[in-house]
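Asker:
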């Protein structure tokens with residue numbers, strides 16, 4: 001992002017006016033489009049609001065922009081030549097389409113993090129940068145004559161990676177499968193997107209956990225699906241709820257995150273796993289099992305997936321490297337019957353022509369390398385250490401105001417706020433004080449919960465972050 | 001793909017039966033699902049059909065599979081335990097969804113190339129492996145301490161790549177833009193997908209060239225769009241056709257590939273460019289300009305894009321590295337007003353959480369490196385050489401049966417077959433003789449055209465490939 005140069009001879013407001021004029025002439029802001037508010041632009045550029053007010057006044061006096069009270073500042077329509085020319089009504093186009101925008105809370109969180117990188121970040125659902133195997137991957141990449149072919153890839157994904165995954169899934173997840181049953185995706189998100197777009201039709205009913213990460217994804221609503229809730233207790237979902245939803249609504253698919261569930265951190269009880277697979281096979285109902293966190297099990301013994309005890313193939317299994325290595329690699333996978341893999345690979349070809357071979361090759365080598373096992377051990381130790389720091393800080397700062405179950409794996413702690421609290425006010429106050437986390441209502445819960453991703457902040461930030469959060473919470477009670 | 005071991009003590013048919021039994025037990029083929037036909041499996045495994053017949057007979061005698069005449073060989077449903085268990089009806093699921101499957105011709109071409117890698121490939125719309133800057137990219141990757149951050153990326157794409165593209169677009173394409181107006185995508189295909197999903201709604205009318213690569217993409221129909229044709233003559237589309245389509249059908253967007261159009265290789269006439277932009281601004285109609293081939297201009301002076309002379313911002317501009325460097329990198333871009341970029345970035349987040357940083361960093365460095373310009377020069381020389389070899393071969397082998405315009409850039413030659421010919425028969429006969437190309441009807445044309453991608457086969461293959469094609473053509477006339 002461009003910033004004005006304080007050492008330049010030209011005044012700040014003139015520099016800003018010049019920059020905006022150029023952005024307008026280059027098409028970033030077409031005629032008629034809305035410019036950032038004075039407050040927002042001042043924040044972005046790190047200047048006083050009065051400086052932006054001057055810059056806008058300058059542009060107004062040149063006829064380049066116009067302001068009307070209540071409707072903000074817009075690029076003028078009539079500056080641009082005498083003939084009647086119309087820029088497309090981009091506003092109407094961006095309001096159309098079948099894709100719903102992200103939830104306001106999530107857009108707000110993204111915007112706040114972009115504007116203030118110094119926020120202590122308990123919101124982003126990923127590992128801290130120093131927990132990713134950056135050195136190991138650099139080493140793998142510099143070691144080898146890296147690529148020999150850069151053409152379009154196999155639509156199912158890079159063959160050597162699918163072969164590496166056959167071994168990985170057997171060794172780490174107890175899943176016997178074949179390379180023809182594996183589809184490489186850019187992560188769990190793309191796996192879910194392909195399933196909702198290609199195997200389900202608008203109007204279909206599906207069941208998801210409550211609370212669930214999936215409520216944060218307008219993807220399900222964009223696909224026109226009707227969502228039904230499977231309440232989670234301390235042992236996970238109750239399989240009989242699936243049967244009754246099937247009877248009432250003819251649900252066509254069940255989405256489950258059984259190990260260190262996002263956001264609750266819970267593990268589905270063993271007996272319920274058996275029952276759940278029984279219900280699925282009784283009803284001929286597919287289960288989508290999302291399993292991103294298992295290998296973070298702090299004691300080193302991850303719970304086994306449903307897929308490993310799936311007797312007749314009811315389970316579509318989803319995994320990825322995002323939560324156990326690096327989200328930025330964008331490498332995930334799905335295990336499914338070959339006919340399903342073929343269908344999804346064909347649709348994905350149409351959407352994006354498949355994945356880059358470069359990160360797939362990195363992933364394949366990393367999984368097979370001697371670095372993988374030590375990386376996992378280090379990751380588990382660090383996560384356990386951070387979890388304990390978070391718990392300690394919560395006990396210290398908010399002894400009577402919160403309650404939570406202690407997660408045994410995963411990246412998140414799901415925290416109940418005991419007194420009544422307004423999600424929105426709490427989030428804004430936390431941001432103001434320099435910390436950010438996700439309000440529980442994003443996950444379909446009632447108000448009064450918060451998800452802390454303790455994997456994301458540094459160990460040094462965890463205590464001070466909770467002190468800021470505690471001050472924010474007390475100030476809105 | 002597994003192959004039986006001819007040196008093993010076990011007979012081939014027993015090895016095949018064992019392998020299929022394992023694939024079934026691992027879920028690749030669930031109960032009730034269709035197994036490959038005897039002919040197809042024999043081809044895949046490189047054995048006689050009679051060997052596969054024996055393997056299937058073995059599995060049938062064990063009750064694992066069942067064959068019914070006319071409906072193929074399926075995995076038995078009743079082998080799997082006494083209780084009434086139902087595997088999901090995957091067939092029904094894969095038939096559902098809003099995403100249409102790829103065209104049968106394209107699936108046939110993909111299958112043929114997979115089964116016989118020795119086919120001379122005039123069909124895949126990409127560069128030969130040795131035209132990609134593989135050495136240069138290896139060098140860039142090994143030179144640097146490669147990655148320092150592997151978290152989720154900016155939803156609009158990797159910042160340094162967007163900055164590199166601001167310079168690239170100015171220097172090579174005459175486009176003045178800002179980094180906030182650029183969205184990084186995985187290629188033109190994803191750019192088109194985001195536009196059709198997010199800016200258009202089911203039922204909307206759009207105009208595309210005839211013939212056009214876009215007819216090969218069920219993506220447009222999957223999005224529920226109504227497609228109207230803009231016939232291409234030797235100067236490209238006629239702008240007045242856009243006006244009349246707008247009057248009749250209220251088209252909401254026009255898709256144009258003005259430079260070395262795919263498949264015709266034509267360049268849109270200069271006067272028509274001006275007229276086209278006039279019509280667009282008169283109607284307030286957005287033009288999507290797809291510009292993948294320009295930098296292949298054999299004489300080194302690429303035609304400038306519509307976007308570079310777009311006075312009021314009617315054009316959404318799409319580019320990529322796929323056709324000028326390497327399709328397997330999966331790096332493309334779109335230039336659009338900031339509000340459009342934000343909307344598409346938000347939707348893409350929901351679909352796949354953004355792109356891998358690794359290929360984006362490679363692309364950014366490559367564009368700025370001293371390798372880029374020499375790579376382009378070498379590419380142009382090789383393409384010109386291959387084009388001339390193809391023309392020579394067509395003149396030699398089919399002097400009276402074909403006619404074509406000589407392309408001045410791009411990867412393809414669009415060839416009219418003068419006598420009447422059946423597309424399907426010609427394709428099958430060509431495959432049988434060891435060469436493959438794309439029938440013109442895939443691009444919305446009438447029968448009687450063929451697209452030859454001369455960029456793809458090696459120089460040595462070009463002549464022999466056309467000899468095979470000529471023999472195939474003569475045998476089906």
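Protein chains in written order, with the UniProt record's numbering: chain A, 1 to 477; chain B, 1 to 477.
Glycine residues also receive a C-beta, built at the ideal position from the N, C-alpha and C atoms.
How long is the line joining the alpha carbons of residue 288 of chain B and residue 65 of chain A, rounded to whole angstroms?
Answerer: 27 angstroms
Asker: Name the DSSP beta bridge partners of residue 207 of chain B, please?
Answerer: B:228 and B:254
Asker: Under 8 angstroms Cβ to Cβ from residue 235 of chain A, same chain only, skipping five residues before and after it: list those, please.
Answerer: 266, 268, 269 and 272
Asker: Hey, residue 379 of chain A and residue 164 of chain A: beta-carbon distance below 8 angstroms or not?
Answerer: no
Asker: Are three or more beta carbon pairs between the stretch 196-211 of chain A and the stretch 248-264 of chain A nearer than 8 angstroms?
Answerer: yes
Asker: Hey, out of B:96, B:410 and B:185, whose CA is closest to residue 158 of chain B's CA?
Answerer: Among B:96, B:410 and B:185, the Cα nearest to that of residue 158 of chain B belongs to B:185.
Asker: DSSP on residue 269 of chain A, reduced to helix/strand/coil?
Answerer: coil
Asker: What span of residues does the beta strand (DSSP E) with residue 94 of chain B cover, start to end?
Answerer: Note, residue 94 of chain B: premise wrong, no beta strand (DSSP E); alpha helix (DSSP H) at 90-95.
Asker: Starting from the N-terminal side, write out each stretch of the beta strand (DSSP E) that is 3 residues or longer and does not extend beyond the stretch 145-189 of chain A.
Answerer: 182-185
Asker: Please report how far the alpha carbon of residue 9 of chain A lies from the alpha carbon of residue 156 of chain B, in whole angstroms.
Answerer: 33 angstroms
Asker: Look at the alpha carbon of residue 406 of chain A and the alpha carbon of residue 295 of chain B, and state the distance between them as a whole number of angstroms.
Answerer: 58 angstroms
Asker: Whose C-beta lies closer than 6 angstroms to the C-beta of residue 51 of chain A among residues of the same chain, with five residues either side of it excluded?
Answerer: 12 and 13
Asker: Terminal residues of the continuous beta strand (DSSP E) containing residue 412 of chain B?
Answerer: Start and end: 412-417.
Asker: When DSSP labels each residue in this structure, what does residue 216 of chain B get in the three-state scheme?
Answerer: Correct three-state label for residue 216 of chain B: helix.
Asker: Taking only the alpha-carbon atoms, compute the straight-line gap between residue 63 of chain A and residue 85 of chain A and give it to the nearest angstrom.
Answerer: Approximately 17 angstroms between the Cα atoms of the pair.
Asker: Using the beta-carbon of each residue, which ones in chain B are nearer than 9 angstroms to residue 309 of chain A?
Answerer: What residue 309 of chain A touches in chain B: nothing, since even the nearest Cβ is about 12 angstroms away.
Asker: Which residues in chain B sit within 9 angstroms of residue 198 of chain A, going by Cβ to Cβ distance?
Answerer: Result: 93, 94, 96, 97, 98 and 99.
Asker: Apart from the five residues just before and just after residue 99 of chain A, which ones in its own chain have a Cβ nearer than 7 angstroms to its Cβ?
Answerer: 222
Asker: Looking at chain B, which residues of the stretch 339-359 of chain A have a Cβ within less than 9 angstroms of any of its Cβ atoms?
Answerer: 339, 340, 341, 342, 343, 344, 346, 347, 349, 350, 351, 352, 353, 354, 355, 356, 357, 358 and 359
Asker: Identify each residue in the stretch 6-27 of chain A for which the Cβ-Cβ distance to at least one residue of chain B is less than 8 angstroms, and report them in chain order.
Answerer: 22, 23, 25, 26 and 27
Asker: One question on the structure: do residue 417 of chain B and residue 473 of chain B come within less than 8 angstroms of each other, judged by their Cβ atoms?
Answerer: yes
Asker: Taking the alpha carbon of residue 321 of chain B as the point to measure from, which residue in B:309, B:116, B:334 and B:310 has its own alpha carbon closest?
Answerer: B:334
Asker: Is it true that the stretch 380-400 of chain B meets the stretch 450-469 of chain B, where meeting means three or more beta-carbon pairs spaced less than 8 angstroms apart?
Answerer: yes
Asker: If we cut at 8 angstroms on Cβ distances, does residue 219 of chain B have a partner in chain A?
Answerer: yes
Asker: Between residue 415 of chain B and residue 435 of chain B, how many whole angstroms is the CB-CB distance? I'm expecting something under 8 angstroms.
Answerer: Going by Cβ atoms, the distance from residue 415 of chain B to residue 435 of chain B rounds to 13 angstroms, so no, they are not a contact pair.
Asker: Look at the Cβ atom of residue 440 of chain A, then the Cβ atom of residue 87 of chain B, and state whether they are nearer than 8 angstroms.
Answerer: Their beta carbons are not under 8 angstroms apart, which means residue 440 of chain A does not touch residue 87 of chain B by this criterion.
Asker: Thinking just about the alpha-carbon of each residue, which of A:31, A:384 and A:22 is nearest to the one in residue 281 of chain B?
Answerer: A:31
Asker: For residue 291 of chain A and chain B, any beta-carbon pair shorter than 8 angstroms?
Answerer: Using a CB distance cut-off of 8 angstroms, residue 291 of chain A does not count as an interface residue toward chain B.
Asker: Should the stretch 114-129 of chain B be called in touch with the stretch 447-456 of chain B, which here means at least 3 C-beta pairs below 8 angstroms?
Answerer: yes
Asker: Taking residue 313 of chain A as the query, report the chain B residues whose CB atoms sit under 7 angstroms from its CB, ordered along the chain.
Answerer: By Cβ distance, chain B contributes 27, 30 and 87.
Asker: Using DSSP's beta-bridge definition, name the partner residues of residue 74 of chain A.
Answerer: In DSSP, residue 74 of chain A forms a bridge with A:34 and A:66.
Asker: I think residue 356 of chain B touches residue 356 of chain A, with their Cβ atoms under 8 angstroms apart; what is that distance to the nearest whole Å?
Answerer: 6 angstroms
Asker: DSSP three-state label for residue 399 of chain B, please.
Answerer: coil
Asker: Please return the same chain residues whose Cβ sits closer than 7 angstroms to the Cβ of residue 140 of chain A, not counting the five positions on each side in sequence.
Answerer: 362, 365, 366 and 369
Asker: Determine whether the Cβ of residue 42 of chain B lies closer than 8 angstroms to any Cβ atom of chain A.
Answerer: Closer than 8 angstroms: no.
Asker: Hey, does residue 177 of chain A have any beta-carbon neighbour from chain B nearer than 8 angstroms?
Answerer: Interface residue, yes.
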